[in-house]
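Trainee: Residue numbers for the sequence shown follow the working numbering, beginning at 83 and rising by one. Note that beta-carbon positions come from the ideal geometry of N, C-alpha and C, so glycine has one too. Here it is: the structure, laid out below.
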Amino acid sequence: MGGEGDRPVDGDVSWPLRGRRRVGRLRRRVDLAEAVAELSQRALRADEPDALLRESLQVAVELTGADYGTAVRRLPDGRLRVAHELGPQPLPPGTILQPHRERSYLLRVVSTGQPFLSSDLANDPHVSPPEPLLSRGVVSGIAVPVRGAHEVSGVLGLHFHRRRRFGRHDVAAASALASVVATAWQQVEQRERLAHLALHDPLTELPNRVLFLDRLEQALAQQVAGPQNGPGGLAVMLIDLDDFKGVNDGLGHAAGDHLLRVAAQRLQAAVRPEDTVARLGGDEFGVLCHPVPDEATALRLARRMLVAVRRPVEVEGSSLTVSASFGLTSRAGTGTAPPTAGTLLGEADIALYRAKDRGRGQVQLYDERLQRSTRRRRQLESELQAALERGELRLHYQPVRRTRDLQTVGVEALLRWQHPTRGLLLPDDFVPTAEQTGLLVPIGTWVLNTACRQVSQWQARSLRGADPLWLSVNVSPRQLDDTRLPDAVAAALRETSLSEGSLVLELTETALMPGDATRREALLRLRNSGAQLFLDDFGTGFSSLTHLTELPVQAVKVDKSFVAGLPTNRRSAAVVSSLMTLSDELGLAVIAEGVETYEQLDALQEMHCQSVQGFLLDHPQALPHLETRSRTAQLREPRRLPL
Ligand code: C2E
Ligand code: CA
Ligand code: CA
């Protein structure tokens with residue numbers, strides 16, 4: 083009687099039987115320890131997690147004599163899913179269990195992390211065993227937690243057709259194998275996490291540039307394979323958030339991050355499941371639409387995304403509207419050889435560049451003309467950079483005169499470029515390019531410093547006793563978005579001793595869009611740094627008269643297109659006179675620009691417009707020319723004096 087190593091431990095008559103059991107238990111424990119050691123090693127390598135899971139269950143079943151061995155995984159949403167089951171009628175992997183909310187011992191194991199044992203499940207007053215068990219003849223069972231890094235990640239269950247008592251060794255065996263399963267799952271998760279990290283942007287969770295390019299290459303490869311693989315038309319979009327830098331600089335990086343996340347979600351929600359939205363870097367996103375039947379569909383998708391992005395976003399308690407610019411290129415599924423990914427991205431980039439040109443919130447489709455004009459513009463850009471460095475920029479000044487007596491009350495600085503081969507260039511030839519490329523920021527600083535210096539010297543030389551002339555400097559929306567502008571203004575004022583209160587910044591209507599909190603703050607900062615603000619080109623943008631009440635400006639310049647219609651065009655006359663009435667109430671001064679005829683001047687005088695500016699009175703000139711002229715207008719033609 084008794085096996086090897088079997089030794090009686092006490093004088094109990096039944097020792098041979100108890101001894102055999104104990105030996106059996108010892109054996110099993112040794113086997114278990116060996117199996118667990120080996121399986122754990124493999125779990126750490128995470129080579130074949132599914133095979134490992136099967137084997138762990140197999141060992142558990144063999145060592146305990148269970149009829150069913152089940153590994154249940156807890157999904158992130160809390161549902162329980164069968165990862166694997168061994169037994170005569172196993173549930174297929176992936177089966178979602180529907181445990182009873184309060185009486186499920188699986189859920190209890192998950193929530194408490196404690197093992198559960200029952201020798202008679204059907205009659206256990208505390209639990210309702212899951213239906214698939216009882217119907218398969220299960221009577222008793224044990225369930226232990228599979229512990230993840232932070233929480234219970236699943237349950238290992240062993241179930242028996244017969245009634246069976248469970249002891250701590252059973253729990254120990256099941257737990258040891260559960261820990262193997264836990265290690266395997268953790269390794270797999272970590273691997274998946276690393277793989278995910280390498281291909282996704284951590285902030286937005288969107289695919290990153292690497293994954294985007296990979297998907298694009300795959301789409302192109304399918305095009306090569308031909309139309310039998312389905313309609314292979316594809317579209318590539320590059321998307322850039324407008325004024326993102328302003329948010330980031332103005333409201334801080336947390337606000338910027340929030341905005342990026344919201345934009346990412348909205349873009350993603352606006353496309354179809356088969357499309358890829360990726361974050362390519364900074365505030366740039368890429369979209370691959372594939373398959374897409376035609377260009378029109380791609381355009382529609384782009385517009386849908388644009389509308390989605392434009393909805394107001396809550397940032398730090400205030401509501402912000404961001405728009406985005408879209409550059410789009412597309413290819414039909416069949417026909418000529420497909421382009422490379424690089425070509426498509428280059429085209430989308432050119433289109434995006436153009437979209438930005440056209441202002442905010444534009445969708446631009448690529449075509450070849452665009453390519454040529456982009457090349458020209460890029461050349462201009464590099465020349466302009468050189469112009470700034472080589473000192474080819476100049477300032478001309480155009481006086482602003484009081485309508486009543488035509489005395490010069492201010493001057494407006496207007497930028498010129500003395501181009502080495504093309505002669506003197508006007509702003510329309512190069513300011514738009516400078517604006518798009520961001521070069522206007524350093525150029526604007528140059529304008530500000532130069533104008534303040536030149537005019538302060540002029541003030542010092544000539545104006546003892548008289549009211550100092552004010553100096554207007556034009557500021558573009560792009561400059562306004564640069565958070566360093568207020569400091570630049572303050573520095574220019576400090577360093578040049580321009581008379582106090584005499585610096586004016588002229589801003590166009592688009593820069594003063596109402597409801598734009600970021601812009602509004604920028605304006606207030608500018609005023610605090612000591613500048614007055616004028617609204618330039620009134621009537622050309624969005625603004626209605628009612629917006630005037632909301633703008634923090636001291637004067638309004640009526641655009642020359644309205645002045646040109648005076649006095650005969652009824653609409654122009656109506657706009658100017660209602661502006662006069664409202665400005666009067668708001669305490670704003672009105673300046674009419676582009677005055678070219680006596681009739682216009684007369685009409686403006688009759689409407690009590692305070693100041694005028696225009697070729698009739700002065701052309702913009704370099705300061706030395708201007709200084710030699712008297713402050714009173716010398717009209718080129720004899721005329722009756724203004725009343
Ligand atoms: P703006 O601010 O509306 O400037 C007035 C423009 O009208 C000037 O053109 C001026 O020469 C022109 N002008 C003045 N009187 C008359 C007139 O009687 N008839 C007509 N037809 N035109 C007249 P310019 O110098 O070519 O400047 C064009 C625009 O370029 C400016 O429009 C302004 O928006 C922009 N700009 C000029 N200098 C700067 C600058 O330093 N920075 C920025 N950001 N923009 C500038
Ligand atoms: Ca102006
Ligand atoms: Ca103007």
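1. Just to confirm before moving on: does the CB-CB distance between Leu530 and Gly443 stay below 8 Å?
2. Given that a residue counts as buried once 16 or more other Cβ atoms are within 10 Å of its Cβ, and exposed if not, what is Asn205?
3. Exposed or buried, Arg556, counting other C-beta atoms within 10 Å across all chains shown (16 or more means buried)?
4. Could you give the DSSP three-state label for Gln561: helix, strand or coil?
5. Suppose only complete runs of 3+ residues qualify. What are the beta strand (DSSP E) ranges in the region 182-251, listed by chain order?
6. Could you round the C-beta distance between Val263 and Val192 to whole angstroms and report it? I think they count as a contact, below 8 Å.
7. Do the region 121-136 and the region 208-225 touch if we need at least three Cβ pairs shorter than 8 Å?
8. So, using beta-carbon positions, are Val694 and Ala674 closer together than 8 Å?
9. When we look at the beta-carbon of Gln350 and count the other beta-carbons within 10 Å, is it buried (16 or more) or exposed?
10. Name the residue from Gly428, Ala352, Thr425 whose alpha carbon lies nearest to the alpha carbon of Arg392.
11. I believe Tyr479 touches Gln703 by the beta-carbon criterion, under 8 Å. Please report the beta-carbon distance rounded to the nearest angstrom.
12. Does DSSP classify Arg291 as helix, strand or coil?
13. According to DSSP, is Phe67 helix, strand or coil?
14. With C-beta atoms as the reference, is Gln541 less than 8 Å away from Leu580?
15. Is the distance from the Cβ of Ala378 to the Cβ of Cys371 below 8 Å?
16. In terms of residues, what are the limits of the alpha helix (DSSP H) holding Tyr680?
17. In this structure, how does DSSP classify Phe697 when only helix, strand and coil are distinguished?
18. Please report the Cβ distance between Leu589 and Leu630, rounded to the nearest whole angstrom; I am assuming they are in contact, meaning their Cβ atoms lie under 8 Å.
19. Please tell me whether, using a cut-off of 7 Å, the distance from the CB of Glu494 to the nearest non-hydrogen atom of ligand 2 is below it.
20. Indicate the three-state DSSP secondary structure (helix, strand or coil) for His707 in the structure shown.
21. Does the region 518-528 touch the region 560-570, meaning 3 or more C-beta pairs lie closer than 8 Å?
22. Whole angstroms are fine: how far does the CA of Glu366 sit from the CA of Arg436?
23. Going by DSSP, which residues form a beta bridge with Ile321?
24. Determine the direct distance from the alpha carbon of Glu299 to that of Leu475, and round the result to whole angstroms.
25. If I follow the unbroken alpha helix (DSSP H) through Ala674, where does it start and stop?
26. State the DSSP-derived secondary structure class of Thr286, mapped to helix, strand or coil.
27. First and last residue of the beta strand (DSSP E) that includes Glu396?
28. Between the Cα of Glu287 and the Cα atoms of Ala593, Val359, Arg110, Ser544, which residue gives the shortest distance?
29. To which residues does DSSP link Phe616 through a beta bridge?
30. Check the DSSP bridge columns for Thr152 and list the partner residues they point to.
31. Could you tell me if Ala656 is buried or exposed, where buried requires 16 or more neighbouring beta carbons within 10 angstroms of its beta carbon?
32. Can you check which of these residues, Ala574, Gly441, Thr485, Arg472, is closest to Pro514 by C-alpha distance?
33. Could you tell me the alpha carbon to alpha carbon distance between Gly334 and Glu396, rounded to whole angstroms?
Mentor: Answer, in terms of the structure:
1. Leu530 is not a Cβ neighbour of Gly443, given a cutoff of 8 Å.
2. Sixteen is the threshold: since fewer than 16 other Cβ atoms of the shown chains lie within 10 Å of the Cβ of Asn205, the residue is exposed.
3. At residue 556 the sequence reads Asn, which differs from the Arg that was named. With 16 or more other CB atoms across the displayed protein chains lying within 10 angstroms of its CB, Asn556 is buried.
4. Residue state, collapsed to three classes: helix.
5. Segments of the beta strand (DSSP E) lying fully in the region 182-251: 198-200, 222-229, 234-242.
6. Taking the Cβ atoms as the reference, Val263 lies roughly 14 Å from Val192, outside the contact range of under 8 Å.
7. The region 121-136 vs the region 208-225: no contact.
8. For Val694 and Ala674, yes; Cβs fall inside 8 Å.
9. By the neighbour-count definition (other C-beta atoms within 10 Å, threshold 16), Gln350 is a buried residue.
10. Arg392 has its Cα closest to that of Ala352, out of Gly428, Ala352, Thr425.
11. Right, their Cβ atoms sit about 7 Å apart.
12. In this structure, Arg291 counts as helix in the three-state DSSP scheme.
13. Missing from the structure shown is residue 67; the chain here goes from 83 to 725 and no further.
14. Cβ atoms of Gln541 and Leu580: closer than 8 Å.
15. The answer is no: Cβ separation not under 8 Å.
16. Tyr680 -> alpha helix (DSSP H) spans 680-688.
17. Coil at Phe697, not helix or strand.
18. Contact doesn't hold; Cβ gap of about 13 Å is too wide.
19. Within the cutoff, so yes.
20. Annotated three-state conformation of His707 is helix, per DSSP.
21. Contact holds: three or more Cβ-Cβ distances are below 8 Å.
22. About 15 Å.
23. In DSSP, Ile321 forms a bridge with Phe367, Phe408.
24. Straight-line spacing of the CA atoms in Leu475 and Glu299 works out to 46 Å.
25. Following the DSSP letters along the chain, one finds Ala674 in no alpha helix (DSSP H) but inside the beta strand (DSSP E) bounded by residues 671-674.
26. Shown here, Thr286 sits in coil according to DSSP, grouped into three states, outside any helix or strand.
27. For Glu396, the enclosing beta strand (DSSP E) starts and ends at 395-397.
28. The candidate whose alpha carbon is nearest that of Glu287 is Val359.
29. According to DSSP, residue pairing for Phe616 in a beta bridge involves Glu588, Ala637.
30. Answer is Glu167, Gly239.
31. A residue is called buried once 16 or more other Cβ atoms fall within 10 Å of its Cβ, and Ala656, having fewer, is exposed.
32. Selected option, being the one with the closest Cα: Gly441.
33. Distance from the CA of Gly334 to the CA of Glu396, rounded to the nearest whole angstrom, comes to 14 Å.
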